[in-house]
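Asks: Numbering (the working numbering), first residue to last: 11 to 155. Beta carbons: idealized from backbone N, C-alpha and C, even for Gly. Right, I'll just put the structure down here and ask away after.
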């Protein structure tokens, strides 16, 4: 898969430590940078690239993962979730079809972040009776508004 990543300046070292994990999994990584202290700008750029289908998924980093998640979710077609555990990484895809995840460099250790990213990137959303209608409703609301 083609993965777009980005972060705020505070999470640069965290992001750099995780790029090799993504590449070892066989994915192509494009770094959208970290120089802008307004983290929303990189979140918008990654989100727009993923929503436009130039990238398969996105991964964003900031101190908590919350700010970049909120910003990315403002991009139509982006479904971002801040993750802090492996089960949520799995369900982000299987239950919610998330195309962007966010992680907090100040609240998540590197080893846990590696496991979260590995789990997230190993999953594929398949429409199903349990979750499909819920995801459909989110998409319908987005189209209406």
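May I have the straight-line CA-CA distance separating residue 55 from residue 42, to the nearest angstrom?
Replies: 7 Å
Asks: Which whole-angstrom value describes the C-beta separation of residue 135 and residue 107, a residue pair presumed to lie in contact below a C-beta threshold of 8 Å?
Replies: With 8 Å as the limit, residue 135 and residue 107 qualify as a contact, their Cβ atoms being about 4 Å apart.
Asks: What number of angstroms, rounded off, separates the C-alpha of residue 62 from the C-alpha of residue 116?
Replies: Between the alpha carbons of residue 62 and residue 116 lies a gap of roughly 30 Å.
Asks: Give me the Cβ distance between residue 129 and residue 99, rounded to the nearest whole Å; I'm assuming they're in contact under 8 Å.
Replies: 4 Å
Asks: Would DSSP call residue 54 helix, strand or coil?
Replies: helix
Asks: Over the uninterrupted beta strand (DSSP E) stretch that includes residue 38, give me the two end residues.
Replies: Residues 38–41.
Asks: DSSP three-state label for residue 88, please.
Replies: coil
Asks: Where does residue 101 sit, in a helix, a strand or coil, going by DSSP?
Replies: helix
Asks: Express the C-alpha separation of residue 147 and residue 69 in angstroms, rounding to a whole number.
Replies: 24 Å
Asks: Secondary structure at residue 73, three-state DSSP: helix, strand or coil?
Replies: coil
Asks: What is the residue span of the alpha helix (DSSP H) that residue 127 lies within?
Replies: 120–132
Asks: Which of the three DSSP states is assigned to residue 64 in this structure?
Replies: coil
Asks: Using DSSP with H/G/I as helix, E/B as strand and the rest coil, what is residue 78?
Replies: Residue state, collapsed to three classes: helix.
Asks: If you check the beta carbons only, do residue 40 and residue 14 fall under 8 Å apart?
Replies: yes
Asks: Looking at the unbroken alpha helix (DSSP H) that takes in residue 48, where does it start and where does it end?
Replies: Where residue 48 is concerned, there is no enclosing alpha helix (DSSP H), given that its DSSP letter is neither H nor E.
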